[in-house]
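*Asks:*
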Amino acid sequence: MNSEIIQVDQKTIVGMKLEMSLLENQTPGLWQKFMPKLNSISNRLDNHLISMTIYPSDYFQNFNPSNRFKKWAGIEVSKAATLFDELEIIKIPSGLYVRFLYQGLPSQAGPFYQSIFQEWLPKSGYKLDNRPHFELMGDKYKNNDPSSEEMIYIPVMK
Numbered sequence: 001m002n003s004e005i006i007q008v009d010q011k012t013i014v015g016m017k018l019e020m021s022l023l024e025n026q027t028p029g030l031w032q033k034f035m036p037k038l039n040s041i042s043n044r045l046d047n048h049l050i051s052m053t054i055y056p057s058d059y060f061q062n063f064n065p066s067n068r069f070k071k072w073a074g075i076e077v078s079k080a081a082t083l084f085d086e087l088e089i090i091k092i093p094s095g096l097y098v099r100f101l102y103q104g105l106p107s108q109a110g111p112f113y114q115s116i117f118q119e120w121l122p123k124s125g126y127k128l129d130n131r132p133h134f135e136l137m138g139d140k141y142k143n144n145d146p147s148s149e150e151m152i153y154i155p156v157m158k
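Note that UniProt numbering numbers the sequence shown so that position 156 is 156, with each residue one more than the last.
#1: P155: buried (16+ other C-beta within 10 angstroms of its C-beta) or exposed?
#2: For the pair the region 68 to 83 and the region 99 to 106, tell me if three or more CB-CB distances fall below 8 Å.
#3: Can you tell which of Q118, I75 and W31 has its C-alpha closest to the C-alpha of M1?
#4: If you drop the 5 nearest sequence neighbours on each side, which residues of the same chain put their C-beta closer than 7 Å to that of P65?
#5: Can you name the start and end residues of the alpha helix (DSSP H) that T27 belongs to?
#6: Pairing CB atoms from the region 119 to 126 with CB atoms from the region 27 to 38, are three or more of them under 8 Å?
#7: In chain order, what residues of the same chain have a beta carbon less than 7 Å from the beta carbon of P146, not counting five sequence neighbours either side?
#8: Figure out for me which residue from R44, S107 and E135 has the closest Cα to the Cα of V77.
#9: Would you say K17 and K91 are within 7 Å of each other, going by their C-beta atoms?
#10: At the level of alpha carbons, what is the spacing between S3 and S42?
#11: Within the continuous alpha helix (DSSP H) that includes F84, where are the two ends?
#12: CB-CB under 6 Å to H48, same chain, minus the five flanking residues each way: which ones, in chain order?
#13: Return the bridge partner residues of K123 from the DSSP annotation.
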């Protein structure tokens, strides 16, 4: 599992959010609702999509698949734009992240994430930081294709 510790600058995201749990995963519906609004968002930095998760501070200490979190579907913008139609702005604070490349189907990512939290993190010398987790889906992202690639960003601190 290749990883890289990087400093990520603050990001301004325009998107939509839903509260959900792993047992009641509504991520596909969130993206179906967001994608038709994509072309109306001004000041976009690029065409990369950002899937972001904001977990409660005790989410991983008391892990249960029914625990709830906020999931965002969005895109990075250079500055805040006029918002409409359920779109919101959120900032990802700057900080250290560990970055992983994931290749495969979203439905099969569970074991990959499990190895990050149960194997990589305990051996890394880092611990989780309480900031948003996010995935960047760029040019090599192909929805529901086994050759699809995305970058996973997990917030860490020494």
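Ideal Cβ positions, reconstructed from N, Cα and C, are used throughout, including at glycine.
Given the structure is predicted, the values throughout are model-derived calculations rather than measurements.
*Replies:* Working from what's here:
#1: Around the beta carbon of P155, 16 or more other beta carbons lie within 10 angstroms, which makes this residue buried.
#2: Taking 8 Å as the limit for Cβ pairs, the verdict is that the region 99 to 106 does not touch the region 68 to 83.
#3: Q118
#4: The answer, listed in chain order, is S21, L22 and L23.
#5: Looking at the DSSP string, the run of the alpha helix (DSSP H) that includes T27 is T27 to F34.
#6: no
#7: G104 and L105
#8: R44
#9: no
#10: Roughly 33 Å separates the two Cα atoms.
#11: Premise fails: F84 is in no alpha helix (DSSP H) and is neither H nor E.
#12: Excluding sequence neighbours, H48 sits near L136 and G138.
#13: Answer is none; K123 lacks a bridge partner.
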